[in-house]
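Trainee: In the order they appear, the protein sequences are chains A and B.
Heads up: the first sequence runs through residues 170 to 363, numbered per the working numbering.
Heads up: the second sequence runs through residues 170 to 363, numbered per the working numbering.
Protein chains: 2
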Amino acid sequence: MRKSIYSGRIVNLGLESITLPSGVDVELEIIRHPGAAAVVPLHADGTVTLVRQYRHAGGGMHIEIPAGVLEPEEPPAVCAARELSEEVQLAAETLTLLSAIHTTPGFTDERIHLFLGTGLTPTDGTPDADEYLQPIRMPLTKAVAMVRAGQITDGKTIAGLLLAYLDSTTERDGAPGGRSSRSAAQTAKRTPGE
Amino acid sequence: MRKSIYSGRIVNLGLESITLPSGVDVELEIIRHPGAAAVVPLHADGTVTLVRQYRHAGGGMHIEIPAGVLEPEEPPAVCAARELSEEVQLAAETLTLLSAIHTTPGFTDERIHLFLGTGLTPTDGTPDADEYLQPIRMPLTKAVAMVRAGQITDGKTIAGLLLAYLDSTTERDGAPGGRSSRSAAQTAKRTPGE
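1) Apart from the five residues on each side of it in sequence, which residues of its chain come closer than 7 Å, Cβ to Cβ, to Glu256 of chain B?
2) Might you give, ordered along the chain, the residues of its own chain that have their beta carbon closer than 6 Å to the beta carbon of Ala353 of chain A, omitting 5 neighbours on each side?
3) Anything in the region 282–304 of chain A with a Cβ closer than 9 Å to a Cβ of chain B? List those residues in chain order, please.
4) How about Gly227 of chain A and Asp278 of chain B: do their beta carbons lie closer than 8 Å?
5) Which of the three DSSP states is assigned to Ala318 of chain B in this structure?
6) Below 6 Å CB to CB, which residues in the same chain sit around Arg171 of chain B once its five sequence neighbours on both sides are set aside?
7) Would you decide whether Ala357 of chain A is buried or exposed? Buried here means 16 or more other CB atoms lie within 10 Å of its CB.
8) Once you ignore the five residues that flank Thr263 of chain A on each side, which residues in its own chain have a CB closer than 6 Å to its CB?
9) What does Gln258 of chain A pair with, by DSSP beta-bridge criteria?
10) How big is the Cα-Cα spacing for Ile161 of chain B and Ser173 of chain B?
11) Helix, strand or coil for Val238 of chain B? Go by DSSP, reduced to three states.
12) Would you please verify whether the beta carbon of Asp323 of chain B is less than 8 Å from any beta carbon of chain A?
13) On a Cα-Cα basis, can you pick out the residue from A:Pro291, A:Arg280, A:His231 and A:Thr290 that is closest to Met369 of chain A?
14) Which residues in chain A have a C-beta closer than 8 Å to the C-beta of Ala269 of chain B? List them in chain order.
15) What does DSSP give as the partner residues of Pro172 of chain B in its beta bridges?
16) Just checking: is the beta-carbon of Pro241 of chain B within a distance shorter than 8 Å of some beta-carbon in chain A?
17) Could you tell me how far apart the beta carbons of Ala249 of chain A and Val208 of chain A are, in whole angstroms, since I believe they sit closer than 8 Å?
18) Could you tell me the boundaries of the beta strand (DSSP E) in which Ala207 of chain B lies?
19) Taking the alpha helix (DSSP H) that Asp336 of chain A belongs to, which residues open and close that run?
20) Please tell me whether Ile174 of chain A has its Cβ less than 8 Å away from any Cβ of chain B.
21) If I follow the unbroken beta strand (DSSP E) through Thr272 of chain B, where does it start and stop?
22) Pick from B:Ile200, B:Pro210 and B:Ser191: whose alpha carbon is nearest that of Met307 of chain B?
23) Who are the near neighbours of Lys325 of chain B in its chain, counting only those whose CB is closer than 6 Å to its CB and skipping five residues on each side?
24) Leaving aside the five residues before and after Glu233 of chain B along the sequence, list all residues of the same chain whose C-beta is less than 7 Å from its C-beta, in chain order.
25) Compare the C-beta of Ser191 of chain A against all C-beta atoms of chain B and say whether one is closer than 8 Å.
26) What do you get for Gly229 of chain B, buried or exposed, if any count of 16 or more other CB atoms within 10 angstroms of its CB means buried?
27) Considering Glu243 of chain B, what are the terminal residues of the beta strand (DSSP E) in which it resides?
28) Alpha carbon to alpha carbon, how far is Ala328 of chain B from Thr272 of chain B? Give it in angstroms, no decimals.
29) So, for Ala260 of chain B: in the same chain, excluding its five sequence neighbours on each side, which residues have a beta-carbon less than 8 Å away from its beta-carbon?
30) Could one say the Cβ of Leu332 of chain A lies closer than 8 Å to chain B's Cβ atoms, at least one of them?
31) In the structure shown, what three-state DSSP assignment does Glu198 of chain B receive?
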């Protein structure tokens, strides 16, 4: 049972009464969210294009992967391509799903589909007026070092960068860490286009 | 300027009017959250203890690292130790900060301090009655493979496991991927205790 408290542009807050698998009844504050998509744009030279973005809720400037909220009925890959063009003016020949993460499942159903974007070419997209962001390009290995140093703190960006990095160094279905002979640049060079 | 809409147990929702660095005025739906702490409990044999947990907002059962919301004024490491004992009945000799992630900075200030817990010993903690969770222990490499296969989707858990895994295989301040000779088990064996 859900008692609606607020319906906004992005956020829908309600109180939901449920019975846990253990039989205990609880009332939870739940944010229903339309979901989102994000892309790790990996260039053939082993660099990634990120965005430096002002996040009021996040307390200032953040370095993030390009991302946006799903429009009604919009497939996540379409949303990812749209945001990639709007935010960093790139199109990807190939979008490969890395994961679909739950950002914080204790209080929201928000799910972000994370894609690896390769075969990148320029577009003439423009950002939304209510966003403030600047593209920033750096080696994937540097971005991973910034994650590990605590300089990149956005959850979806950490997940996307580390998953892309592991995919660039080891086979996904093999034992992770079992192979590490290929560098990010070497892997990306196999991508056609760009 | 903030107009409060709802103040609940975990979630505080308000509308905040701000001016972006670009000069554009916007009104944002913002959830103010007390913050949280989480631990990757890494045993000396290279396994981790996770929790299988029911998440109503997340649509069912999730495999997560032990975590909880900060009490007022509670230091994150104290919260992490408390949740480690309550959720998986473990105490850590050493808690090392991996990162403090923003779960979803577009609409909340929630920040989760992620720790690596080593030197693990049993405790007699018990879970809160309003949670439903079961400890589950597996090799860190298996947990990382589940992340990469899309079977573990919780954002903080993905960040914590992948950061712990990278720390177990490469030096944090060196070029990531530059060294990969040490396995997770070998690193953990250096930890005293347990």
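We put the CB at the ideal spot given by N, CA and C, even for glycine.
Mentor: So, from the data block:
1) Same-chain partners within the cutoff: Val220, Pro235, Pro296 and Leu302.
2) Its pLDDT being 36, under 50, Ala353 of chain A is placed unreliably by the model, and the measurement read from it follows with that caveat. Same-chain partners within the cutoff: Gly215, Leu309 and Ser337.
3) Taking 9 Å as the upper bound on Cβ-Cβ separation, chain B lies near residues Ala298, Asp299, Glu300 and Tyr301 of the region 282–304 of chain A.
4) Contact check for Gly227 of chain A against Asp278 of chain B passes: the beta carbons are separated by less than 8 Å.
5) If DSSP states are grouped into helix, strand and coil, Ala318 of chain B belongs with coil.
6) Excluding residues within five positions, the ones whose Cβ falls inside 6 Å are Gly183 and Glu185.
7) In this prediction, Ala357 of chain A has a pLDDT of 37, which is less than 50 and means its spatial position is unreliable; what the coordinates show is noted afterwards. Residue environment analysis places Ala357 of chain A among the buried positions, since at least 16 neighbouring C-beta atoms fall within 10 angstroms of its C-beta.
8) The answer, listed in chain order, is Thr287 and Gly288.
9) In the DSSP output, where bridge partners are listed per residue, Gln258 of chain A has none listed.
10) Any question about residue 161 of chain B goes unanswered here, given that chain B covers just 170 to 363.
11) Strand.
12) By this cut-off, Asp323 of chain B is an interface position.
13) Because chain A spans 170 through 363 in this model, residue 369 of chain A falls outside it and cannot be assessed.
14) By Cβ distance, chain A contributes Gly319 and Thr322.
15) Looking at the sequence itself, residue 172 of chain B is Lys, so the reference to Pro does not match. For Lys172 of chain B, which the question treats as bridged, DSSP gives the partners B:Leu184.
16) No, Pro241 of chain B does not count as interfacial toward chain A.
17) Cβ atoms of Ala249 of chain A and Val208 of chain A come within 8 Å of each other, at about 5 Å.
18) That run of the beta strand (DSSP E) goes Ala205 to Pro210.
19) Residue range Gly324 to Thr338 is occupied by the alpha helix (DSSP H) that includes Asp336 of chain A.
20) So, interface residue.
21) Taken as a continuous stretch (DSSP letters only), Thr272 of chain B belongs to no beta strand (DSSP E), as it is neither H nor E.
22) Ranking B:Ile200, B:Pro210 and B:Ser191 by Cα distance to Met307 of chain B puts B:Pro210 first.
23) Leaving aside the five residues that flank Lys325 of chain B on each side, the residues in its chain whose CB is nearer than 6 Å to its CB run, in chain order, Ala207 and Ile281.
24) Taken in chain order, the residues that qualify are Leu219, Val220, Gln222, Asp323 and Thr326.
25) With 8 Å as the cut-off, Ser191 of chain A counts as an interface residue toward chain B.
26) By the beta-carbon neighbour count (other beta carbons within 10 angstroms, threshold 16), Gly229 of chain B is exposed.
27) Segment: none, Glu243 of chain B is in no beta strand (DSSP E) and carries neither H nor E.
28) Approximately 10 Å, taken between the alpha carbons.
29) Here the set comprises Ala250, Leu253, Ser254, Leu289, Thr290, Pro291 and Thr292.
30) Judged by the 8 Å Cβ criterion, Leu332 of chain A is in contact with chain B.
31) Glu198 of chain B: strand per DSSP, three-state reduction.
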